[in-house]
Structure formats: C-alpha cells, structure tokens
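> So the sequence shown is numbered by my numbering: it starts at 451 and just counts up by one. We treat Cβ as the ideally placed atom computed from N, Cα and C, and that holds for glycine. Since this is a predicted model, take the numbers as computed values, not measurements. Below is one structure. I have some questions about it.
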Amino acid sequence: MGPKRNPTRRVPIGAVSIGGGEPIVIQSMTATRTTDIDATVAQVRALAAAGAGIVRIAADSRADAEALAEIRRQVDANLSVDLQEHYRLAEWIAPHVDKIRYNPGHLYHHERTKDWRDKVRYLVDVAGSHQCAMRVGVNCGSIEPERKSRFDPTDSLGPMLAGAWDHCEFLDSLGFTRYCVSLKDSDPAKVVELNRRFAERRADVPIHLGVTEAGLPPDAIVKTRRALEPLLGQGIGDTVRVSLTVPNPRKHEEIDAARAILADVAAGRTGWDPSAVGHRLNVISCPSCSRVENEAFVELAERVRDMTRYATPHAITIAVMGCRVNGPGETDDADLGLWCGPHAVNLKRGSLTLGSFPYDAILDRLRAELDRLIESRTVGSLGAEPGSK
Ligand code: SF4
Numbered sequence: 451m452g453p454k455r456n457p458t459r460r461v462p463i464g465a466v467s468i469g470g471g472e473p474i475v476i477q478s479m480t481a482t483r484t485t486d487i488d489a490t491v492a493q494v495r496a497l498a499a500a501g502a503g504i505v506r507i508a509a510d511s512r513a514d515a516e517a518l519a520e521i522r523r524q525v526d527a528n529l530s531v532d533l534q535e536h537y538r539l540a541e542w543i544a545p546h547v548d549k550i551r552y553n554p555g556h557l558y559h560h561e562r563t564k565d566w567r568d569k570v571r572y573l574v575d576v577a578g579s580h581q582c583a584m585r586v587g588v589n590c591g592s593i594e595p596e597r598k599s600r601f602d603p604t605d606s607l608g609p610m611l612a613g614a615w616d617h618c619e620f621l622d623s624l625g626f627t628r629y630c631v632s633l634k635d636s637d638p639a640k641v642v643e644l645n646r647r648f649a650e651r652r653a654d655v656p657i658h659l660g661v662t663e664a665g666l667p668p669d670a671i672v673k674t675r676r677a678l679e680p681l682l683g684q685g686i687g688d689t690v691r692v693s694l695t696v697p698n699p700r701k702h703e704e705i706d707a708a709r710a711i712l713a714d715v716a717a718g719r720t721g722w723d724p725s726a727v728g729h730r731l732n733v734i735s736c737p738s739c740s741r742v743e744n745e746a747f748v749e750l751a752e753r754v755r756d757m758t759r760y761a762t763p764h765a766i767t768i769a770v771m772g773c774r775v776n777g778p779g780e781t782d783d784a785d786l787g788l789w790c791g792p793h794a795v796n797l798k799r800g801s802l803t804l805g806s807f808p809y810d811a812i813l814d815r816l817r818a819e820l821d822r823l824i825e826s827r828t829v830g831s832l833g834a835e836p837g838s839k
C-alpha cells in the first residue's frame, strides 16, 4: 500500500514509466569504462537482473557514443545516459538510449558565450526526435558560477532550487514535458529540504531521489535512508538511486538497498537507528562510474575510511572522488578532499589544493593534514569544536 504519492505526470523511459502513480523505479549506474563494451554489457545485464528498471551509463566522447550504439544492440535494459560537459554529444547518443541526464551546472563549460536556454533547446530537439526522456540533474558540487554569485554564499540550497525551477519552466515553455528532476547533496538533511521545497512548488514534476557521494556501506545506506525515508513517506519521489562506493561485482548492493528502503517505507517502518548515528566524522565518496581515473579508487576510499577511524569524534568531512570531472568541484565544501588522477591523488584543504601525491603516499599526507586540522580546532576553540561544513 504505502504513502499517498504526489500527483506527478507520467514520464515514459523505454519500457518503464516514472510518475503518474507508477511503482517507484529503482535505478543504478555502470562503473565500467563505457568503451569496454563487454564489461559494460555484462554490468548493465547484472544490474537489470538485480532489479534496476533504468541503468545509467556515462558518455563523454564520440568513442563512448559509438560504444553505446553497440551496447544498445546487446541489451534490453532501459538505458539512461549521463551527459556532463559535452552536451553536444547528445545527438550521437540519443538514438541509442531512453533518457538523457544533463547537469545544468555543467552546461556553461562549452560555448561559453551561448545562453543556457539555447543549449537546452538543442537538447530538447535531440531528445524529442528520438523519444528520449530527460533528467535535469542538479548537484550540490556543480552549480554554474553565475547563478551561485546571485545568492548569499552561505545559501547552498537557493541556487540549486532556482536552477531546477528555471530549467523546468524553460522546458515547459518549449512544450517538452517528458522530464524529471533530481536535486542531490551529500548531506541527507539538505536532500530532504531541497526536495520538499521543490515538490511544494512543482508537485507535477517526477523526482529522482538520491544522496550524492553517500560513500561506503553500511554508513552510506543509513545516510540514504535518512533522506529517502522521510521524503518517500510524504509521497515525494518517483525513482530512486542508492549510490554506494563498492567494487563492480558488488554494484547490485545499490539495488538491494533501494529495494529494502522502499519495502520499509511501504510498511511504515524506519530502517535505521537514530541513536546509532553518533559519530561526527563524515567520509563521503562517489560511487565511481566510467570516468573514474584509476581502478584503485574504491580501495582508496576504503583505506581512507579505515585510516581515519581514530578521528571519529571530530566534526570533519573528508571527500574522496574518482575523477577530474566532478572531483575538483565536489571536494570544495569538504574540510579535506581527495580526487583521483590516473597516477596521483590530488589533496585539498577546503577549496585550496595542497598538491598531488602518489597513491602509495597519499594516506600519510592525509593523516598529517587531518592531525593538523584536529589540533587547530582543538587549540583554536579551547576544546569546543566548531560544526563541520
Ligand atoms: S566523481 Fe567522477 S568518477 Fe565519481 S561518480 Fe562522479 S563522475 Fe564518476
């Protein structure tokens, strides 16, 4: 039975639909190289077999687009593609997928003098001519600088919501209604607030729910539950993704976790213990995707979690990201950030880059920075530690 759902419009995506009272669709994303056709086909099939109604694949080049054509030939799954900066790849990709996700915060990177509306108009033309749905995927770590500059720097939600509403309004003005929206942050409380506020104004638009960079299980699942349970309980959300930093053979755990969350919400149960969310250290990490620059990324995230356990009582956020596309931006708000290059890991303190270090040296360097940060906060506040970012 479950909670009464918001009256969103129905959006077909291949053989499934989201919104319009349809069952909530679970989705996931491949983390293989898109150009490794055999590995990607195998992962798409494994995710679909585990229960993913939609499988997303990243595409950043013509080679990825060509690989998608072959992947499409080999799988029946409903495919979504993740477009980031290279929005003009859409015309090569759309014939082979059922949905295109674009990130409003990444559209400005190419053809900088062109208005974002012209770029969205192009995407609508391409999506419309290939019967593709679209997702306006707004992410906390990638808001276009011009939009951000119009808000108080302490207001992280305002620019995200304004971006989502503006894009919806523009898509509506073009007569394109086959879209959904996501508003993701790594902080569950912000995800709740963002989606509640968005749905208050646009109860008609289907919502894709998720916590970005939730990190490693089991903590990442608790973090996701803290956001998704209250939202789904209020009828907000038409499709969900649980992002987990796990190796490729364990990717099905994203779907297992999503299914458990949906079952608990439908039964009116809470699947996490608020009293167990005691520690304050917050290690966030991306789920990895085709863009990940070194296969050692997942192991690095696990080693960071294990090495930093001693800092559990401290309100510090450490972000571990897999690539240069989202790594630099999405580590800015963390106290300490790491983002992976092919041969070295970049270390940051807030938005300041401290340097680039070999994979076998980064943990010692991170530990030194973490010790320094703990000490400065302890001395600076005479023991009363300020809140983390
Ligand atoms: S940070 Fe990079 S590797 Fe990680 S999920 Fe995002 S795009 Fe993929």
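(1) From the DSSP output, read off the bridge partner residues of residue 808.
(2) Pick from 578, 534, 543, 575: whose alpha carbon is nearest that of residue 560?
(3) Residues in its own chain within less than 6 angstroms of residue 682 by CB, not counting five upstream and five downstream?
(4) How far does the beta strand (DSSP E) with residue 532 in it reach, from first residue to last?
(5) Can residue 663 and residue 769 be called in contact, C-beta distance under 8 angstroms?
(6) Mind checking which residues open and close the alpha helix (DSSP H) that includes residue 680?
(7) How would you label residue 679, buried or exposed, when you count the other beta carbons within 10 angstroms and need 16 or more for buried?
(8) Between residue 610 and residue 644, is the Cβ-Cβ spacing less than 8 angstroms?
(9) Beta carbon of residue 758, beta carbon of residue 732: below 8 angstroms?
(10) Taking 8 angstroms as the threshold, find out whether the stretch 456 to 471 comes into contact with the stretch 652 to 659 through three or more Cβ pairs.
(11) Checking the sheet assignment: what are the DSSP bridge partners for residue 690?
(12) Among residues of its own chain, excluding the 5 on either side of residue 748, which ones have a beta-carbon nearer than 8 angstroms to its beta-carbon?
(13) Just to check, is the beta-carbon of residue 613 closer than 7 angstroms to a non-hydrogen atom of the ligand SF4?
(14) Going by DSSP in three states, residue 485 sits in which element: helix, strand or coil?
(15) Is it buried or exposed, residue 764, if we count other Cβ atoms within 10 angstroms and call 16 or more buried?
(16) For residue 513 and residue 781, what's the separation of their Cα atoms in angstroms?
(17) Spell out the partners DSSP gives residue 768 in its beta bridges.
(18) Quick check on the DSSP output: the beta strand (DSSP E) that includes residue 634 runs from which residue to which?
(19) Quick check on the contact list: which residues have their beta carbon closer than 6 angstroms to a heavy atom of the ligand SF4?
(20) Residue 593 lies in the beta strand (DSSP E); which residues open and close that run?
(21) Can you find the residues in the same chain that come closer than 7 angstroms, C-beta to C-beta, to residue 491, ignoring five residues on each side of it along the sequence?
(22) So, at 8 angstroms on beta carbons, what are the nonlocal neighbours of residue 753 in its own chain, with the 5 sequence-adjacent residues on each side left out?
Looking at the atomic coordinates:
(1) Here residue 808 corresponds to residue number 358 of the sequence shown, with the count starting at 1. BP columns for residue 808 point to 794.
(2) Numbered from its first residue, the sequence shown carries residue 560 at position 110. For residue 560, the nearest C-alpha among the options comes from 534.
(3) Residue numbering aside, residue 682 sits at position 232 when the sequence shown is read from its first letter. Apart from sequence neighbours up to five positions away, the residues of its chain that approach residue 682 with a beta-carbon distance below 6 angstroms are 715, ordered along the chain.
(4) Position 82 of the sequence shown, counted from the first residue, corresponds to residue 532. 529 to 533 is the span of the beta strand (DSSP E), which, as asked, contains residue 532.
(5) Numbered from 1 along the sequence shown, position 213 holds the residue referred to as residue 663. Numbered from 1 along the sequence shown, position 319 holds the residue referred to as residue 769. In this structure, residue 769 lies closer than 8 angstroms to residue 663 by Cβ.
(6) The count along the sequence shown starts at 1 and reaches residue 680 at position 230. Residue 680 -> alpha helix (DSSP H) spans 669 to 683.
(7) Along the sequence shown, one-based indexing puts residue 679 at 229. Residue 679 should be labelled buried.
(8) Position 160 of the sequence shown, counting from 1, holds the residue named residue 610. Position 194 of the sequence shown, counting from 1, holds the residue named residue 644. Closer than 8 angstroms, so yes.
(9) The sequence position of residue 758 within the sequence shown is 308, counting from 1. The sequence position of residue 732 within the sequence shown is 282, counting from 1. Against a cut-off of 8 angstroms, the Cβ pair of residue 732 and residue 758 comes out as no contact.
(10) Pairwise C-beta distances place the stretch 456 to 471 in contact with the stretch 652 to 659, as three or more of them are shorter than 8 angstroms.
(11) Position 240 of the sequence shown, counted from the start, is the residue given in the question as residue 690. Paired residues: 476, 659.
(12) Your numbering for residue 748 matches position 298 in the sequence shown. Excluding sequence neighbours, residue 748 sits near 695, 696, 697, 738.
(13) Start at 1 with the first residue of the sequence shown, and residue 613 comes out as number 163. No heavy atom of the ligand SF4 is found nearer than 7 angstroms to the CB of residue 613.
(14) Within the sequence shown, the letter at position 35 stands for residue 485. Of the three classes helix, strand and coil, the one that applies to residue 485 here is coil, per DSSP.
(15) On the sequence shown, residue 764 is found 314 positions in, with the first residue counted as 1. Buried: at least 16 other Cβ atoms inside 10 Å.
(16) Here residue 513 refers to the residue found at position 63 when the sequence shown is read from its first residue. Here residue 781 refers to the residue found at position 331 when the sequence shown is read from its first residue. So the two alpha carbons sit approximately 28 angstroms from each other.
(17) Indexing the sequence shown from 1 puts residue 768 at position 318. Answer is 733, 786, bridged to residue 768.
(18) Translated into the one-based positions of the sequence shown, residue 634 becomes position 184. Annotation for residue 634: the continuous beta strand (DSSP E) segment containing it runs 629 to 634.
(19) The set of residues with CB atoms less than 6 angstroms from any heavy atom of the ligand SF4 reads, in chain order, 736, 737, 738, 739, 741, 742, 771, 772, 773, 775, 776, 777.
(20) The residue you call residue 593 lines up with position 143 of the sequence shown. No beta strand (DSSP E) holds residue 593; DSSP gives it neither H nor E.
(21) The residue labelled residue 491 in the question sits at position 41 within the sequence shown. Same-chain partners within the cutoff: 521, 524, 525.
(22) Taking the sequence shown and counting its residues from 1, one reaches residue 753 at position 303. Here the set comprises 813.
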